[in-house]
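Once you know that position 15 of the sequence shown is 19 in my numbering, the rest is easy, because the numbers rise by one and skip nothing. The structure appears below as C-alpha cells.
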Amino acid sequence: MSARSTFSKVLKKIRLEKGLSQEHLAFEAGMSMRSISLLEGNKQQPTITTIEHLSEALGISMVEFIMEVDVKRKHRVN
C-alpha cells in the first residue's frame, strides 16, 4: 500500500477519533473542506505544509502523524 493511500486512511481515522467533521478540521487547518475530502479520498497528494497544518489542527505533532502513517503502511505490506 502506498504512503499516500495510507495517509488518507490515517487522516480520516485520527479526524474521527478527535470527533471532528471534515468541515471543522478544514476550518481549524485553514483549508477547504474539498481539500480534506480529496486528501481522505486519496485523490490529492499532501504537502509538508499541509501535514503541518493538519497536525496542528488535530493536536498532534507532525512526527506522530508521519509515524502513524509509516507504521500502518508497513503493517499492511508485511
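Even glycine gets a Cβ: it sits at the ideal position worked out from N, Cα and C. A quick note: this is a predicted structure, and the numbers were derived from the prediction, not measured.
Alanine 7 versus glutamate 27 - alpha carbon distance: 24 Å
Same chain only: Cβ atoms within 8 Å of glutamate 72, ignoring 5 sequence neighbours per side: Within the same chain, glutamate 72 has close Cβ partners Val14, Ile18.
Neighbour-count burial assignment, valine 81, 16 or more Cβ in a 10 Å radius: Note that valine 81 scores 48 on pLDDT, short of 50, meaning its location in the model is unreliable; the coordinates nonetheless yield the value given after this. The residue in question, valine 81, is exposed, as its Cβ has fewer than 16 Cβ neighbours within 10 Å.
Residues near serine 41 in its chain [Cβ-Cβ closer than 7 Å; skip 5 each side]: Gln26
Lysine 76 (DSSP reduced to helix, strand or coil): helix
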